[in-house]
Amino acid sequence: HITVSAQVLSAPPMAAAAASSGADLVATEEMCAFAWDTLLSSLESKAAPVPQFPTDASCPLFVTWNTNASSSGEFQLRGCIGTLSPTSLSSIRDYTYSSAFQDRRFNPIGSEEVPSLKCSVSLLVRYEDAAHAYDWVVGTHGILIKFSDSKGKSYTATFLPEVASEQGWDQPKTVRSLVRKAGVDPRSFTDTQLRAISTTRYQSSKCSLDYAGYLERRGAAGGA
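Just remember that my numbering sits 11 ahead of the position in the sequence shown, which is counted from 1.
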């Protein structure tokens with residue numbers, strides 16, 4: 012599978028397979044708790060945990076860590092890694108490890124940070140071909156764009172569903188930002204050309220769990 016950051020894609024996903032395999036999947040607190048289990052077992056050099064939910068289904072997914080350790084008290088990104096190709100839900104373990112310890116934008120997470128962390132699991136579902144690059148809803152859809160330059164070089168990039176709404180962007184601003192993320196100056200495109208970019212839209216089932224919630228869940232379940 013292709014491992015990518017939360018905002019940049021280096022190769023296209025298998026969208027048709029994703030649409031058929033994961034359309035009805037829902038992210039749950041137990042998936043987040045499993046990610047917490049994975050993080051803590053790694054920090055404590057213990058055996059890897061076993062998921063307590065069915066893992067036979069496949070879909071693209073991301074694991075995100077946020078921290079409120081700053082003076083503002085607001086949660087900020089601490090790591091996010093996933094795949095845009097369908098993968099078993101058991102891979103939450105792999106992407107938990109990658110997002111916590113291998114996101115090149117951040118230092119590896121340390122034990123002292125645990126109380127300030129919040130974990131989110133996002134399952135990417137309902138892939139659809141968009142009629143044009145602005146044929147999607149801010150706050151509902153993520154988008155994947157694919158285009159070529161005048162020399163025939165191909166570019167592909169994605170923003171997850173929450174990115175545009177968090178940044179306060181409308182569709183044109185999001186597409187221009189995504190073109191820039193793909194490595195091309197969006198000023199070289201007219202609005203008509205931008206609108207014509209091949210676009211796939213998708214949705215995300217997302218669940219989050221902070222450390223206090225994790226302790227409460229595992230305590231209620233008999234400890235972990």
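Don't be surprised by glycine CBs; every beta carbon is placed ideally from N, CA and C.
Relative to the C-alpha of residue i, which residue among the options is closest?
i      : options                          : result
Ile156 : Asp202, Lys192, Leu36 and Ser127 : Lys192
Thr201 : Val186, Tyr213 and Phe45         : Val186
Val190 : Trp180, Thr167 and Ala175        : Thr167
Leu51  : Trp180, Asp181 and Phe112        : Phe112
Arg104 : Thr49, Arg137 and Thr203         : Thr49
Pro119 : Ser127, Ser99 and Arg89          : Arg89
For a quick check, are the C-beta atoms of residue i and residue j less than 8 Å apart?
i      : j      : result
Tyr222 : Leu135 : no
Pro62  : Ser101 : yes
Val74  : Tyr106 : yes
Cys218 : Val125 : no
Thr39  : Phe64  : yes
Leu36  : Ser176 : no
Excluding sequence positions up to five away, which residues of its chain have a Cβ less than 6 Å from the Cβ of residue i?
i      : result
Glu139 : Arg212
Ser109 : Ile92
Leu54  : Ser122
Gly224 : none
Pull up the distance between the alpha-carbon of residue i and that of residue j, whole angstroms please.
i      : j      : result
Ser83  : Pro197 : 34 Å
Asp160 : Ala44  : 44 Å
Leu220 : Pro172 : 19 Å
Thr66  : Gly163 : 40 Å
Arg115 : Gly179 : 26 Å
Arg137 : Ser56  : 38 Å
Phe117 : Ser199 : 32 Å
Met42  : Pro183 : 34 Å
Asp181 : Glu227 : 39 Å
Val174 : Thr203 : 23 Å
Tell me the residue span of the alpha helix (DSSP H) that contains residue i.
i      : result
Tyr108 : Ile103 to Phe112
Asp48  : Glu40 to Leu54
Pro183 : Gln182 to Lys192
Asp202 : Asp202 to Arg206
Near residue i, what residues of its chain come up, given a Cβ to Cβ distance below 7 Å and the 5 sequence neighbours on each side ignored?
i      : result
Ser32  : Low confidence applies here, because Ser32 scores a pLDDT of 47, under 50, leaving its location unreliable and the question unanswered by this model.
Phe158 : Tyr166, Ile208 and Ser209
Thr151 : Pro172 and Gln214
Arg206 : His143, Ala144 and Tyr145
Ala28  : Here Ala28 scores only 46 on pLDDT, less than 50, and its place in the model is too uncertain to base an answer on.
Val195 : Asp160 and Tyr166
Ala46  : Val74, Ile103, Thr107, Cys130 and Val132
Ser81  : Gln87
By the DSSP assignment, the beta strand (DSSP E) with residue i in it spans what residues?
i      : result
Gln214 : Ser209 to Asp221
Thr169 : Ser165 to Phe170
Gln63  : Per DSSP, Gln63 belongs to no beta strand (DSSP E) and is neither H nor E.
Arg115 : Per DSSP, Arg115 belongs to no beta strand (DSSP E) and is neither H nor E.
Pro71  : Ser69 to Thr78
Thr98  : Gln87 to Ser99
Asp140 : Leu128 to Asp140
Leu155 : Gly153 to Ser159
Ordered along the chain, which non-local residues of its own chain (more than five positions away) have a Cβ less than 8 Å from that of residue i?
i      : result
Ile154 : Ala141, Ala144, Trp147, Thr169, Phe170, Thr185, Val186, Leu189, Thr210, Thr211, Arg212 and Tyr213
Phe86  : Asn77, Thr78, Asn79 and Lys129
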